[in-house]
Amino acid sequence: MSVASRESWNTSLFVAEALRLEMARDENVLMLGEDVGRNGGVFGSSRGLLDEFGAMRVRDTPISEMAFTGMGVGLCMSGFRPVVEIMFVDFIGVCLEQVYNAMAKIPYMSGGQVRMPMVIKTAGGCIGSAAQHSQCLWGLFAHLPGMVVVAPSSPYDHRGLMAMAVESDDPVIYIEHKALLLKRWRQFHDAEPVPEERFTIPFGQAKVAREGGDLTVVTLSAGVEYALEAADTLAKEGSDVEIIDLRTVVPLDMPTVLNSLSKTGRLLVVDEDYLSFGLSGEIVARAVEALGPSGLRQVARHAVPDVPVPAALSLEHAVVPGPASIVEAVRKMAAAS
Amino acid sequence: MENERSLARFERLAQMRHFDEACLAGVMSREIHGELHIGIGQEAIGAGMAEALRPGDAVVSTHRNHFHALAKGVSPKALLAEIYEKETGLCRGRGGHMHPFDLSTNFSATGIVGASLPVALGYAYGFKLRGQDHVAVGVTGDGGVLTGGFHESLNMAGAWDLPLVVLVENNRWAISVDINEVSATETLAERSHSYGAWGRKIDGTDPDLVAKAFAEAVDHARSGQGPAVLEATCHRFHGHFEGDHDTYRDREEKRRIRKEHDPLVLYRAKLIEAGLADAQTLDRIEQTSKEAMTALLEEVRDDTQPDASGALDHRFVGATSP
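In the order they appear, the protein sequences are chains A and B. Taking the working numbering, the leading residue of the first sequence gets 1, the next gets one more, and so forth. Taking the working numbering, the leading residue of the second sequence gets 1001, the next gets one more, and so forth.
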């Protein structure tokens, strides 16, 4: 594959590449889900796998999430490493039982005897699909104990974190953002070359996506791209923001966040998930626990304000964080400081 | 030969009865806290399962799982210790009686009704993928048959000819809901036709009938012909859990069930009548089983509970803290 063509790949193809490398190196890796085989995934992130690995290892399932998620649990207990695709994270409602009562709890309930090397690969995020196909829900999974929760931002991270997810002996929820899956490598703000050979990125290591001294924006997934765009606008106004890409919600890399806060003293959490009882509150709480009640000069949260995602673009813009709303949030903080 | 086999089945019935009596003792003494679901009255199903199962086969059971675990060969000591919340238990006291896991025998259970079947389906898929001739047994009750997971799992097993045996312990009651009032079909076994599966309904209070039908179901699945559904009727002598007032069943009816449908009493009479055993032999088997269980219980009672310092162990395998 030439370098030029890789530049035109969308992120989905890098995810497919990650899965292909994992399946080739370990015959216990297999994939289950709706449209993952013949169709190569509705976003193309398992394209080519059926031809290479056959129908037993790339299994198109009926619309039976409860049973095929539970299958993943049984497969783990017999020594496989299943990647189960829940097409949209919003569908988790019909199989959450197997996710949080079985997959996430069995390692603990078995007294450490049973390992659950399962990956739930699922697409979240807003691309105009309204209330039932736009949620992120990483806060939900992070609240329930026992799961690693990954939400990658760049093509490079999608590759390395998927490899890590499959290699990990812990259960992993791998939440892709639909807008990122469809975005081409060369369209990314800071596109970093993605090697063809296999590599992994460890869990719990946030990345400083942009260095800056005035304010710390903590975000993840598509929020990183939005924040980078916002930072360009803000830089022209003399505001220099630092952007932390969390990469994983569980484990949560607070040392990297705190290190940035020690420099800026100002925290803005940008989260495309719901505002209340979620990631943004958790980051603030942990920062306050670590730094003390007066350890920060400013704190703000910018997330979906506890409302279903509306259909109309005008309404979606009003409630879902994007580059423009992040600029506004930072300006508001600057004005109040 | 028949004589030996019958005595072995009687012995299993007795061991299972005494095992759950040993559990009941822990409820009375409050050594076991939380709810306990015992299977007294349903022993013939567990006793009938044991012979057809091979070490590589998998069993995924329910909240009422003790007999299935014993049938699969799980260590009675480790199982009882887990139920008694001991560090020496199967899961070091982290699972408890509803969540025993034993990788060495491919046995596990879930406390969520119906959720056993998708997990058993996963085992079945893995066996087929590896070309192994093992079977996966998913146990559920009459209540679990009415969950979506039953339909989804049997459909996939049927579509792909997977070696899945669904064993339905039909004790009629989903806590207080009578299966006859909530099932659209007269029998649960007849649902097997929708999935191209083998299906049969039997009297699950006779270990001979269970052993024969279960072996057929397992052979069917093992030979690559796809899934099987075996519905075994039985009677739950106690409430849904210890502490259930069980007022939804008539007192007289409960008395009649215990009197007329006790698998131990019925099998004893059957063996004596057929001339396969005499009363003294059966008495001796029961006595030996009871004494062994008493000794086991004493041993378990001496074990310690897990140290509180380990409450956060086993959350993750990797170097991960939430």
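Quick reminder that beta carbons are idealized off the backbone N, C-alpha and C, glycines included.
Reducing DSSP to helix, strand and coil, say where residue i ends up.
{"i": "B/K1201", "result": "strand"}
{"i": "A/M1", "result": "Low local confidence applies: a pLDDT of 47 at A/M1 is under 50, so the model's placement there is unreliable, with the coordinate-based value given in what follows. Of the three classes helix, strand and coil, the one that applies to A/M1 here is coil, per DSSP."}
{"i": "A/F277", "result": "coil"}
{"i": "B/G1026", "result": "helix"}
{"i": "A/P82", "result": "strand"}
{"i": "A/S153", "result": "coil"}
{"i": "B/G1041", "result": "coil"}
{"i": "A/V269", "result": "strand"}
{"i": "A/P321", "result": "coil"}
{"i": "B/N1003", "result": "helix"}
{"i": "A/T69", "result": "helix"}
{"i": "A/R198", "result": "coil"}
{"i": "A/V288", "result": "helix"}
{"i": "A/L215", "result": "strand"}
{"i": "A/M116", "result": "coil"}
{"i": "B/V1139", "result": "strand"}
{"i": "B/F1101", "result": "strand"}
{"i": "B/F1214", "result": "helix"}
{"i": "A/F88", "result": "strand"}
Quick check on the DSSP output: the alpha helix (DSSP H) that includes residue i runs from which residue to which?
{"i": "A/V149", "result": "Where A/V149 is concerned, there is no enclosing alpha helix (DSSP H), although the beta strand (DSSP E) it sits in stretches over V148 to V150."}
{"i": "B/E1051", "result": "No alpha helix (DSSP H) holds B/E1051; DSSP gives it neither H nor E."}
{"i": "B/L1170", "result": "Reading the sequence as shown, one finds Asn at residue 1170 of chain B and not Leu. B/N1170 -> not in any alpha helix (DSSP H); beta strand (DSSP E) instead, spanning L1164 to N1170."}
{"i": "B/A1068", "result": "The residue asked about is misnamed: residue 1068 of chain B is His in this sequence, not Ala. Note, B/H1068: alpha helix (DSSP H), H1066 to K1072."}
{"i": "A/S221", "result": "Per DSSP, A/S221 belongs to no alpha helix (DSSP H) and is neither H nor E."}
{"i": "B/G1144", "result": "D1142 to V1145"}
{"i": "B/T1294", "result": "A1279 to D1302"}
{"i": "B/E1252", "result": "R1251 to E1260"}
{"i": "B/L1090", "result": "Careful: B/L1090 lies outside any alpha helix (DSSP H) and carries neither H nor E."}
Over what stretch of residues does the beta strand (DSSP E) that includes residue i continue unbroken?
{"i": "A/K207", "result": "K207 to R210"}
{"i": "A/Y174", "result": "V172 to H177"}
{"i": "A/I120", "result": "V119 to G124"}
{"i": "A/I244", "result": "V241 to D245"}
{"i": "B/A1231", "result": "It should be noted that the sequence gives Glu, not Ala, for residue 1231 of chain B. Per DSSP, B/E1231 belongs to the beta strand (DSSP E) from A1228 to T1233."}
{"i": "A/S262", "result": "No beta strand (DSSP E) holds A/S262; the alpha helix (DSSP H) holding it covers M254 to T264."}
{"i": "A/R59", "result": "V58 to D60"}
{"i": "A/L32", "result": "V29 to G33"}
{"i": "B/A1058", "result": "A1058 to S1061"}
{"i": "B/F1107", "result": "F1107 to A1109"}
{"i": "A/V249", "result": "T248 to V250"}
Please say whether residue j and residue i have beta carbons closer to each other than 9 Å?
{"i": "B/A1022", "j": "B/T1294", "result": "yes"}
{"i": "A/G74", "j": "B/V1119", "result": "yes"}
{"i": "B/L1230", "j": "B/A1213", "result": "yes"}
{"i": "A/E167", "j": "A/T200", "result": "yes"}
{"i": "A/E225", "j": "A/F188", "result": "yes"}
{"i": "A/D232", "j": "A/D214", "result": "no"}
{"i": "B/E1335", "j": "B/L1266", "result": "Nothing about residue 1335 of chain B can be read from this structure; chain B reaches only from 1001 to 1322."}
{"i": "B/P1163", "j": "B/A1221", "result": "yes"}
{"i": "A/P308", "j": "A/A179", "result": "no"}
{"i": "A/L258", "j": "A/A287", "result": "yes"}
{"i": "B/L1117", "j": "B/G1141", "result": "no"}
{"i": "B/G1096", "j": "A/P82", "result": "no"}
{"i": "B/F1101", "j": "A/V99", "result": "no"}
{"i": "B/E1216", "j": "B/K1201", "result": "no"}
{"i": "B/D1020", "j": "B/H1063", "result": "no"}
{"i": "A/I106", "j": "A/T69", "result": "no"}
{"i": "B/K1254", "j": "B/D1246", "result": "yes"}
{"i": "B/N1170", "j": "B/A1232", "result": "yes"}
{"i": "A/A18", "j": "A/G160", "result": "yes"}
{"i": "A/V217", "j": "A/A227", "result": "yes"}
{"i": "A/D60", "j": "A/V84", "result": "no"}
{"i": "B/I1285", "j": "B/E1011", "result": "yes"}
Could you pull the DSSP bridge partners for residue i from this structure?
{"i": "B/W1173", "result": "B/D1178"}
{"i": "B/S1153", "result": "Answer is none; B/S1153 lacks a bridge partner."}
{"i": "A/N10", "result": "A/R184"}
{"i": "A/H143", "result": "DSSP lists no partner for A/H143."}
{"i": "A/A300", "result": "A/L268"}
{"i": "A/D306", "result": "Answer by DSSP bridge pairing: none, since A/D306 is not bridged."}
Our contact map puts residue i next to residue j with C-beta atoms below 8 Å; I'd like the distance itself, whole angstroms only.
{"i": "B/F1127", "j": "B/A1136", "result": "7 Å"}
{"i": "A/E65", "j": "A/W185", "result": "A/E65 to A/W185, Cβ: 31 Å. No contact."}
{"i": "B/C1091", "j": "A/G111", "result": "4 Å"}
Interface positions of the segment 73-107 of chain A facing chain E (Cβ-Cβ less than 9 Å), listed along the chain: The structure shown contains no chain E; the protein chains it does contain are A and B.
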